Every structure is written in C-alpha cells, then in structure tokens.
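J.:
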Amino acid sequence: MHPYLPHTKEDITKMLEVIGVDHIDNLFDDIPKNIRLNKELKLDKSKSELEVTKLMKQLANNNVTINEKVSFIGGGAYNHYVPALIKHLASRQEFLTAYTPYQPEMSQGTLQAIFEYQSMICELTGMDVSNASLYDGGTALAEAVFMANHANKKKDVLVSATVNPQYKDIIKTYARFKGLNYIEIKESDGCTDMENLKDLFSADSSSVIIQTPNYYGIVEKGSEVRTIMNSFKNKAMFIVSADPTSLAVLEAPVNYGADVVAGEGQGLGSPVSFGGPYLGYIAATKKNMRRMPGRIVGETVDKDGKRAYVLTLQAREQHIRREKAMSNITSNQGLVALMATIYLATMGKKGIKEVAIQSMYKAHYLADKLCNIKGITLLNSKPFFNEFVIKTKVNAKMLYEVLIEKGFFSGVVLDDHQLLVCATEVHTKEQLDSFVKEVEGIL
Amino acid sequence: MRDYNKLIKECSVKGRVGYKLPPLDVDIFDYKEYFGEDVLRKEEVDLPEVSEFQVVRHYTNLSLKNFGVESDTYPLGSCTMKYNPKINEDMAALEGFTEIHPLQEPETVQGALKLMYELAKMLEEITGMDEITLQPAAGSQGELTGLMITKAYLESKGLSHKTKIIIPDSAHGTNPATVTMAGFEAVEIKSNQNGTVSLEALEEVLDENVAGLMLTNPNTLGLFEKDIFEIADKIHQLGGVLYYDGANMNANMGIIRPGDMGFDIVHLNLHKTFGTPHGGGGPGSGPVGVKSHLIPFLPNPSIIKKEDVYKIKDTYDQSIGRVKTFYGNFGVLVRAYAYIKTLGRDGLKEASQLAVLNANYMKERLKETYNLPYDIICKHEFVLAGLKNSIEGVNTIDVAKRLIDYGVHPPTIYFPLIVEQALMIEPTETEDKESLDAYIEVLLTIAKEAVDNKELLLNAPVNATVKRLDEVTAARKPVVKW
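Top to bottom, those sequences are chains A and B.
Everything in the first sequence is counted per the working numbering, starting at 3 for the first residue and increasing by one.
Everything in the second sequence is counted per the working numbering, starting at 427 for the first residue and increasing by one.
1) Between 731/B, 594/B, 776/B, 885/B, which has its C-alpha nearest residue 806/B's C-alpha?
2) For residue 390/A, write down the residues that DSSP places opposite it in a beta bridge.
3) Does the beta carbon of residue 828/B sit closer than 7 Å to a beta carbon anywhere in chain A?
4) Using the DSSP secondary-structure output, state which residues sit across from residue 313/A in a beta bridge.
5) Looking only at its chain, what residues have a beta carbon closer than 6 Å to the beta carbon of residue 389/A, apart from the 5 residues adjacent to it on each side?
6) Among residues of its own chain, excluding the 5 on either side of residue 636/B, which ones have a beta-carbon nearer than 6 Å to its beta-carbon?
7) Taking residue 675/B as the query, report the chain A residues whose CB atoms sit under 7 Å from its CB, ordered along the chain.
8) Closest by CA to residue 64/A, which one among 840/B, 600/B, 537/B?
9) Should residue 115/A be flagged as near chain B, meaning a C-beta pair shorter than 7 Å?
10) Please classify residue 856/B as buried or exposed, where buried requires at least 16 other C-beta atoms within 10 Å of its C-beta.
11) From 612/B, 747/B, 516/B, pick the residue whose C-alpha is nearest to that of residue 170/A; which is it?
12) Suppose you measure from the CA of residue 120/A to the CA of residue 248/A; what does that come to, to the nearest Å?
13) At the 7 Å Cβ level, is residue 869/B part of the contact set with chain A, yes or no?
14) Report the neighbours of residue 546/B on chain A: residues whose CB is nearer than 7 Å to its CB, in chain order.
15) Any Cβ of chain B within less than 7 Å of the Cβ of residue 52/A?
16) Who are the near neighbours of residue 129/A in its chain, counting only those whose CB is closer than 7 Å to its CB and skipping five residues on each side?
17) Might you give, ordered along the chain, the residues of its own chain that have their beta carbon closer than 7 Å to the beta carbon of residue 545/B, omitting 5 neighbours on each side?
18) Using a Cβ-Cβ cutoff of less than 6 Å, which residues in the same chain neighbour residue 621/B once the five nearest sequence positions on both sides are dropped?
19) Between which two residues does the alpha helix (DSSP H) containing residue 850/B stretch?
20) Quick one: list the residues of chain A neighbouring residue 758/B, beta-carbon separation under 7 Å, in chain order.
21) Considering only C-alpha positions, which residue in the set 814/B, 849/B, 577/B is nearest to residue 796/B?
22) So, residue 329/A versus residue 295/A, is the Cβ gap smaller than 7 Å?
23) Which class does residue 136/A belong to by DSSP, given the choice of helix, strand or coil?
24) Along chain B, which residues have their Cβ under 8 Å away from the Cβ of residue 468/A?
25) So which of 467/B, 825/B, 601/B, 892/B has the shortest CA-CA distance to residue 879/B?
26) Just by C-beta distance, which residues in the region 856 to 889 of chain B are closer than 7 Å to chain A?
27) I'd like to know whether the C-beta atoms of residue 575/B and residue 723/B end up nearer to each other than 7 Å.
28) In terms of alpha-carbon separation, which member of 300/A, 405/A, 66/A lies closest to residue 314/A?
29) Rank 439/B, 608/B, 809/B, 642/B by C-alpha distance to the C-alpha of residue 326/A and give the top, closest one.
30) What runs of the alpha helix (DSSP H), each 4 residues or longer, lie entirely inside the region 765 to 847 of chain B?
31) Reducing DSSP to helix, strand and coil, say where residue 559/B ends up.
32) From the DSSP output, in three-state form, read off residue 715/B for me.
33) Do residue 225/A and residue 258/A have their beta-carbon atoms positioned less than 7 Å apart in this structure?
34) Any idea if residue 374/A is buried or exposed, counting beta-carbon neighbours within 10 angstroms, 16 or more meaning buried?
35) Would a check of beta-carbon distances place residue 349/A closer than 7 Å to chain B?
36) Does the contact criterion of 3 or more C-beta pairs under 8 Å hold for the region 457 to 468 of chain B versus the region 333 to 341 of chain A?
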C-alpha cells in the first residue's frame, strides 16, 4: 500500500469481479506480450515522505541562493519583491489543482482571475486585447511573429540585435521551421540602429521586433521604428517586447504604434526560480484580436442575466480549428498569470510605479558609483532603465568570479570586458555601497 | 457561500494601498529630463487601489467559485486529474529552488542541475528513450519540439520532400495544429470500427512524402493500438518518424514503454502523468525524449555531467536551437522529481495498474445505462456515447451540466470527435472505490432523471455559482477587459 493509492486488496477483488476478470494483470491482456516490459524499471523503490524530504533538501542546499549572495543578475529574470499573500492565495487548491475552465459554471474563479489579468495587461500596454498568457517572454515573441505572418503572409522577420539573445534564439528556431527569414537589425551604441532598419525594411517585411528596455537596459525609441515602418505601406506588424514593470513609467507601446506587445511577466510576483515557470504575456490591437494565440476570456451573462466569464473566440484555437488553428497552444500559464494578477492588484496604481522608479534610481546610483572607479565605464551612452552594461578594464569573468567569493553575483558576463548589471527595489543602499567597495578593492 | 460578484477594480478606493516598500535610500535625479518626455508615460497606469486584506478576501472569494481535484471527483478524460501530493508543493517552495537565478554560475546551482540531470535519466528509463530534453514548457510545446526535430532530421538526410504527417481522426486537436506550426502538412486518417488505426486507411496515404505519424497509445478512446509494430514498420520503411503523444502515459508506467513499441520521439506531460498541479491551465512541462539517431537534433542547451560536476552546455551539433528561455519549467520539474522518487518503480507501476482498474470498473458499471461504442478492455480512460435511453432534446452537455449540480466535475465532453455525444472519462488511480461508486450513482440517477424529468437536465446547473452562460454573445460581441 502507498499513501497515494487507496485500493485495498478487497477493493481490487470486488472491482475485478464487476469487470469479470480474475487478476489485475488480465486488464493488460490486450497488449501483445512481446511489446510488454517484462522487467522492473531501473528506478529506486518507493520512499517515505521523510526520506524524500531529506533527499530534496540536500539538493536544495547544494544551491547558493540570491539571498545568500547579493545578486545583480538580470538578463531576463528579475528579483523583485514578491508580496507574501501571493503564494498563500495561489496555493489555494481551487486555483492550484483545477484545470483549464472547460466547465465555466464551476470555474468562475479562474475565469474571472484571467479576465482581470487580461484587463491589467491591457492597462499596462495600452492594448485592446490580451490573451490568458503564454509560456514565457521568448515564446510569446515567437507567437507574435506567427501572428504577423498569418496577417500579412510575408516572410521577413526583422529582429533588433538588442533583443534578449535567448528570445532571438527562440524566434530563430520557430521561424526556421515555419519557413520565415530571421533578419537581425544592427545595434549602435546599445540601441537599435535605425539607419540599418531603414535599409532592411522592405515590401517583404512581415514584422519588426524590438525590446524596451532592451537587453542592455536601454530604453528604445519605438516611435522612430514606427515612423520608418510607416514610410512603407506594407502591413508589417510592429512587435514590442516590454518589461511590464517599466511600463509604469515608460510610454505604453500602443502610443508609439505597436501592433502587438509580448514579453516576460516573471517580475510580476514570481521568483526567479531557476528559469521557470515564468509568464509570457501577449496583447494586441482590436484589429488583431482574432489572430491571437491561446485562450481568451470574455465577459457574458448567465441565463438569469448575471455577469459571468467564459472562454471565448475559440474558433481560433486548436481544438476547433485543428490544422488551421492560430497556434497549437492548448492551455496557458494559468497559475503564474494568477500570481501576476494578484501582484498587480496588491501593488496597485501606486506600487507598480514605486517599484519601477526605485529600481531605476537604484540602478543609476549603482552605475554612477561603479563608474567612479578607475577601470570601469558605462559601455553605452543612451538612457538606461534599471540594467546597464559596464566595461571593465580587467577580465570581466575574473571580476565576476572573485566577486562571488566576496558575496556577490555581480551580473551577466557578456564578454571579456563587459558585465550586464541590474538593480531593483530589493537592493539596499548598504548593499550597493559594499558591492562598489569590493569592486574597487579588486581593481 | 455569499454571492460575491465584484471585480477587483470595483473594490478600488482612491488612495488605498496594499503594499509597503522600504523608503528610497539612494539619490534621485530628474528622470523626466534624462529620458525625455517622448518615451515616458503620459497617463498613469490605472490599476486598482485596494488594501492587502481586500486582495486576500477578493481572491479567496474567487477561489470559492472554482473546483479542484481536492474538491471532489474530476474525471476529465485525457487530462489525468490525479491527486497532487502536498509534499511536492513544499519541496518546490524550498528557498534553495525558488531563489536561484538561471544565469548564476553553474558551480553555484549544482543541486538544481543534478535534479534536472537525474529527472531526465529517470524519464528515459520510464519511456525507454535514449535522451530527454526538459526544455519544452507543456505538452503542446513538446509536440512542436518533436516535429521540429523530425524536420531537422529529415533535412539532414536530404529528405526535405517529406512533408506529410499522418494523424488518426481520434487525435487531440493539438496534433494537427502543431503539424502546421512546424511547417508540415497534416493528413488525417479514419479509425477502424474497433476505434484504432485502420491499417487499410494508413496504407492509402503512405507514399514517399510521408515524414511521420503521430500517435497516442493507448489512444484517446482509451484503447490500446495493438498493431503498433506493424504501424511502426510501415512508417520506418518509408524513412519516416514515429511520434508518441504522451498524454496517455498514465496507463503505461512500468508496463509498456514507447521506446519499446517502435516510437522515435516521445513527449510527456509532467502535469498529467507525474502528478504536478494543473494550475487552472498551467504551468505544465513537456519533456521530449528521442532515440539515438535523433539526439543530435535536440534543443540546446542541455545539462551534462562530467566527473561528478554538472554543466549547462550546447551539446547537440545539429540542434533545432532553443525553444524556451533558460532550461524549462524548473518548478514543475522539482515536483515531478519528488513524485517519481516517492512512488518509485513499484508505486509507478501500481499507479498505472490502478488507473486502468478504475476506468474498467466505471466502464462496466455504466455500460448498461450509457452507450459504450467499444465494449472491450480499456486502459486508463474510456469513452461513452451519450445516454442509452435517448430522450429528445437531451444531450451530453445536459448530462455534464447536471453533474455540476451534484457537486462533481463532468468528464471531457464531445471529444474525441469520432464518437457522437462523447463523454470521455478518466478517473485516475487516486480515486478510491467509494468515490467511483458515488460518481457512478450520480450518472445513473441523471439517466433516470432524463426519463422522468428532463427539465432537471436542461435547466442544469442550478446549484453552481452561475447558470448556463450565453457563449454566443460572448464571442459575437467580445468584452475581453474591464
């Protein structure tokens, strides 16, 4: 007997009697003998909770956390404050153990939470419609690229060099198999090179993708991209990947002409969690609503006229359209979207802005202090938000490794002399100052 | 329950806050001047202004309008709604797992890498495959990854003319949707009268352009595809790839392995077979396993072990590339690891056996009252074709809605598409006999109600938080935000 398996011998006997077979093995008589695994799996035998806990804790303890060291690593995963209530609410079994709301009458909790999520994503991006979420920031961009191809049937995908390299890799993978052409727009001074975009943009362009703040933390000028795209009436889509936290301060992409906004929502209430699960968000203008991938929740009424929520516009989806569907995505990133919803509600109008502004001020304070050290300069001159690249006279990897010994994960090593450094509201001045002191000591 | 019907926005009161941050302790500067007005937001983000307790009460109230596997029986066919062990939640919440950054130096995350490496090895053993990637975020992304691998492999062999992927008509909609997304063409074949792949229908579509075939085994009817070796031979003879959709792996653990059935590629759904919570739609995890000839095409990077040190490396020289940021849905992987360690080789096999026992037991007790189109031994799930005693105007949807009134979750309905009035029932192994009996009794009562007073079905649900919804207007005049 095992705690997860409720059947007693008597239960099994009674059930087999009803079925009309003698032994549980007879339920597998339809599987030809030569296909069956006639040996035990080479795995451990079952374990008690005490044993498993011990084992798991050993593994967990064999990791150095960002609470043990002070971490300035960003690069697509951000250590923001996560209010305590999030894990308590998101671990309520009614949310945690339910599945996709196929039966709306008994899933109003999930459905309304998604509706609220969609509303708040629209509020941040300025867009008309958001879906119920996608896997992560990278796949959300790839889905956006496919949306553009659905709309305009064109094949050139123009991606700024300043987009997160992992997102670029994912777009490359998706584009290759769909038969689309991945074309990279050059960078200049850490920003999308607009002159190069002008050269590359053509009648064959299907989409133009930028990220802001970009991989180097620099705020891109979306309006300039739009202007270049407008010079050519070719129905190409402008896709923006924006850090949702930054949108409390930075212009809503709709206002500089984005057609689709898609990005990473991990920073909205989820820990960095070694890369997942994260949250892909995607939002678009009304014109593109029926090209959206994945689930969308809509408001409606029940038979008595009471307000309620339901999965809607399903004619886009795989279970109806099969090979003609907009995407193969089946569900969403439900629980992580719920956590983002609760986060945005908790931080609210004032809090999201304070997070964005504190992160920005702290990053700038850190950058200023670091650049006072001889042998360290900012790589780029363009305005950055809460992440920046420093140029180091010494080998960056060496600096990074020595700093781990001193108690700091200093950032992402980009090359021999470049380090991508990020700060958020969780850092204290004391931490920033002692980091600067250690760096100074090494140089 | 109080009839709670507010949006969080409607709880908002100007000036209220639900958070507090430490006061800013660094110098400030004029950021408006620094960035320039043109890139700054003109209108403030209009998010709710609510207190912490308001947030807690609001989402608690929303949760009370939901139904999870801990509420009662949830036999959603094809979704494997089994018990999600509590210990796994505690383990996944350990700080040593949640507070590590994916770009940290590998030496500082050896525990996490070891867990991933060993999980992949365990899944290789369970599926009989040669190598597993943990990158895909869910089953559908696993499928896409698998078909991309197929395409890259065929291209490397100079077989780019192979563009057709064969799919049985009983397949999940995700299969054909994935085929299109990966740049292939879907060719559907009809099932035979036994509900399995028709070898004749298969023969008809076989030609040199066939790239592969996607199959679930047991299939979506819960039936074992006995001709699997013959099917595999036919596909392999043409140089094609046989793809295993792991949605139904819960019938197979320790009993039969896709790798031994001739499959070249497998995806698993950790949120189904390996007991990680469905989360109202996610996060899932969809590891993909391949046979040795396909290893070079797996997505980069992977976790490798060298002299007891774990590393993250771009190992595969003909890789399809990256499909997901970082390394996969790590938090889900932690839960699945704990699950496999807890059940072990003995528990996993017993779980599959009992899942099959539960399904057959329900099938036998219901087949007198509901149509059973395929009256043979099933695996972990079975499909009924509506009420035997057909009553005018009463459909499967009405039976499903009446189940809600009785406080249990309906099965999957109207799927697979090849069965009319389908009720697809997958009880899973964690339901005890009493729960199964209670669910059966409800289904029998509903069948009786359909005869005696069909209005009870047609008006159902009346005990849920809302009655039947106007889905037509919702789609015609979409309101998708407040």
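From the three backbone atoms N, C-alpha and C, an ideal C-beta is built for every residue, glycine too.
Source: prediction; values computed, not measured.
T.: Reading it off the structure:
1) It is 776/B.
2) In DSSP, residue 390/A forms a bridge with 423/A.
3) Taking Cβ atoms only, chain A never reaches closer than 7 Å to residue 828/B, which makes this a no.
4) Looking at the DSSP assignment, residue 313/A forms a beta bridge with 299/A.
5) Listed in chain order, the non-local C-beta contacts of residue 389/A below 6 Å within the same chain comprise 76, 219, 424, local neighbours out to five positions each way being set aside.
6) If we look at residue 636/B and ignore the five residues flanking it on each side, its Cβ neighbours are 590, 664, 666.
7) What residue 675/B touches in chain A, judged by beta-carbon distance under 7 Å, is nothing: the nearest beta carbon there is about 13 Å away.
8) Measuring from the Cα of residue 64/A, the nearest candidate turns out to be 537/B.
9) Interface criterion met: the Cβ of residue 115/A is under 7 Å from a Cβ in chain B.
10) Burial state of residue 856/B is buried, judged by a 10 Å Cβ sphere holding 16 or more other Cβ atoms.
11) The residue with the shortest Cα to Cα distance from residue 170/A is 747/B.
12) Here the alpha carbon of residue 120/A sits roughly 18 Å from the alpha carbon of residue 248/A.
13) Not one chain A Cβ lies under 7 Å of residue 869/B.
14) In chain order: nothing, as chain A lies at least about 13 Å away.
15) So, not an interface residue.
16) Result list for residue 129/A: 256, 263, 285, 286, 287, in chain order.
17) Here the set comprises 560, 759, 762, 763.
18) Contacts found: 647, 649, 800.
19) That residue, residue 850/B, is in no alpha helix (DSSP H); its beta strand (DSSP E) goes 848 to 851.
20) 279, listed in chain order.
21) Residue nearest to residue 796/B within the set 814/B, 849/B, 577/B is 814/B (criterion: CA-CA distance).
22) A contact, by the Cβ cut-off of 7 Å.
23) The answer is strand: DSSP assigns residue 136/A an E or B state.
24) Any answer about residue 468/A is impossible in this case: the structure gives chain A only from 3 up to 445.
25) With distances taken between Cα atoms, residue 879/B lies closest to 825/B.
26) Taking 7 Å as the Cβ-Cβ cut-off, the region 856 to 889 of chain B approaches chain A at 856, 858, 859, 887, given in chain order.
27) The answer is yes: Cβ separation under 7 Å.
28) Comparing alpha carbon positions, the residue from 300/A, 405/A, 66/A closest to residue 314/A is 300/A.
29) Selected option, being the one with the closest Cα: 608/B.
30) If you keep only unbroken alpha helix (DSSP H) runs of at least 4 residues inside the region 765 to 847 of chain B, you get 822 to 831.
31) In the three-state reduction of the DSSP assignment, residue 559/B falls in the strand class, which pools E and B.
32) The answer is strand: DSSP assigns residue 715/B an E or B state.
33) Going by C-beta atoms, residue 258/A is nearer than 7 Å to residue 225/A.
34) Exposed is the call here.
35) Yes, residue 349/A lies at the interface with chain B (some Cβ there is under 7 Å from its Cβ).
36) As far as the Cβ criterion goes, the region 457 to 468 of chain B does not touch the region 333 to 341 of chain A, which means the pair count is below three.
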